[in-house]
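Trainee: Just so you know, we're using this note's numbering here: the sequence shown kicks off at 7 and counts up by one.
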Amino acid sequence: MPEHSGEAVPGEIHRLMFEATACYNHGDIAGASACCARVLAHSGEFPEALHLLGLCRWKGGDLEAALHLLTRAQALRPMDAQWWHNLGIVREQSGDTSGAQVAFRRAAELNPRSAESHYNLGVTCEALGDSDTAETAYRRALLVNDRHTGAAAGLAALCEARNRLDEAQRWVDTALRGSPEDAVANLTQAQLDFRTGRYTQTAARLEAQLKHRVLPASVRDGCPVEAVR
């Protein structure tokens with residue numbers, strides 16, 4: 007557990023935060039929330055408690071409360087890359103794509119080895135119409151993890167849209183090897199099939215997507231669980 011900056015923290019708060027973390031990691035969101043609430047009753051600006059309680063609210067579907075708590079925590083710990091990443095996820099899910107882009111960019115700057123931060127930055131940039139920055143972000147994600155399915159699929163789609171068909175096919179192949187059901191990769195493959203006259207394959211792939219009602223993924227929401235430490 008990271009140490010609290012500033013004045014010495016009573017042992018009871020350390021014990022409660024240890025218990026809160028254990029509860030969260032075992033799926034006991036109510037228990038984690040109760041421990042965090044007790045910490046905040048003693049020290050209202052304890053960043054770890056604010057952050058973990060924000061994640062609890064996120065897990066419970068209360069995005070407004072989660073956003074408020076994570077923002078308060080982030081102001082107290084502005085150099086924590088994972089916390090910026092988590093804030094970006096909640097901002098995106100709250101409909102603030104521009105705010106999410108800012109958070110993911112900061113997360114990627116603070117931790118250039120996070121493929122997920124680069125990937126999610128790419129997703130938000132693409133959603134905001136900045137394809138050039140999105141392509142750069144996807145490439146950086148793949149430099150960190152050359153099997154990152156989402157980044158490979160996103161890059162493939164951008165390459166196809168820019169008529170770099172051979173490169174698009176290479177990245178589609180990478181994405182589909184990692185995740186045969188990936189919606190973006192399958193739709194890009196359908197586009198490539200159509201553009202090269204393989205109409206039967208195009209129809210079959212699109213029918214499969216419609217049958218399973220598979221939609222393209224957006225920002226990945228799994229990372230907040232990994233932030234507890």
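Where is the CB? At the ideal position from N, CA and C, for every residue including glycine. In this text the structure is predicted, and so the values were computed from the model without any measurement.
With C-beta atoms as the reference, is T194 less than 8 Å away from A162?
Mentor: As a position in the sequence shown, residue 194 is number 188, starting the count at 1. As a position in the sequence shown, residue 162 is number 156, starting the count at 1. The answer is yes: Cβ separation under 8 Å.
Trainee: Between which two residues does the alpha helix (DSSP H) containing S123 stretch?
Mentor: Numbered from its first residue, the sequence shown carries residue 123 at position 117. Element bounds for S123: A121 to A133.
Trainee: So, helix, strand or coil for G67, using DSSP?
Mentor: By 1-based counting over the sequence shown, the position of residue 67 is 61. Annotated three-state conformation of G67 is coil, per DSSP.
Trainee: Based on Cα-Cα distance, which residue from R145, L69, S100 and F52 lies nearest to R119?
Mentor: For the purposes of this step, residue 119 is taken as the residue at position 113 of the sequence shown. Checking every option, the nearest Cα to that of R119 belongs to R145.
Trainee: Over what stretch of residues does the alpha helix (DSSP H) that includes S200 continue unbroken?
Mentor: Here residue 200 is taken as the residue at index 194 of the sequence shown, counted from 1. One detail in the question is off: residue 200 reads as Phe in this sequence, not Ser. A189 to R201 is the span of the alpha helix (DSSP H), which, as asked, contains F200.
Trainee: Is A196 closer than 8 Å to T180 when the C-beta atoms are compared?
Mentor: For this step, residue 180 is matched to residue 174 along the sequence shown. For this step, residue 196 is matched to residue 190 along the sequence shown. Not in contact: T180 and A196 (Cβ atoms no closer than 8 Å).
Trainee: How should D86 be labelled, buried or exposed, when 16 other C-beta atoms within 10 angstroms of its C-beta is the threshold for buried?
Mentor: Against the sequence shown, residue 86 aligns to sequence position 80. Burial check for D86: the Cβ neighbour count within 10 Å reaches 16 or more, so the residue is buried.
Trainee: When the distance is taken between beta carbons, is T155 closer than 8 Å to S185?
Mentor: Here residue 185 is taken as the residue at index 179 of the sequence shown, counted from 1. Here residue 155 is taken as the residue at index 149 of the sequence shown, counted from 1. Against a cut-off of 8 Å, the Cβ pair of T155 and S185 comes out as a contact.
Trainee: Please classify T142: does DSSP put it in a helix, a strand, or coil?
Mentor: On the sequence shown, position 136 is the one that residue 142 refers to. DSSP places T142 in helix when its eight states are reduced to three.
Trainee: Looking at A174 and Q215, is the spacing between their C-beta atoms short of 8 Å?
Mentor: To locate residue 215, count along the sequence shown from 1; it is residue 209. To locate residue 174, count along the sequence shown from 1; it is residue 168. Result no, Cβ atoms of Q215 and A174 do not sit closer than 8 Å.
Trainee: Of all the options Y30, A79, W64 and L73, which has the alpha carbon lying nearest to the alpha carbon of L46?
Mentor: Counted from its first residue, the sequence shown places residue 46 at position 40. Ranking the options by Cα distance to L46, first place goes to A79.
Trainee: Once you ignore the five residues that flank D199 on each side, which residues in its own chain have a CB closer than 8 Å to its CB?
Mentor: Locating residue 199 in the sequence shown gives position 193, where the first residue counts as 1. Excluding residues within five positions, the ones whose Cβ falls inside 8 Å are Y205, Q207, T208 and R211.
Trainee: Helix, strand or coil, according to DSSP, for G33 in the structure here?
Mentor: The residue given as residue 33 occupies position 27 in the sequence shown. Residue state for G33 is assigned as coil, using DSSP reduced to three classes.
Trainee: Could you compute how far the alpha carbon of N169 sits from the alpha carbon of R201?
Mentor: Sequence index remark: in the sequence shown, residue 169 carries index 163 (1-based). Sequence index remark: in the sequence shown, residue 201 carries index 195 (1-based). Using only the alpha carbons, I get a separation of about 10 Å.
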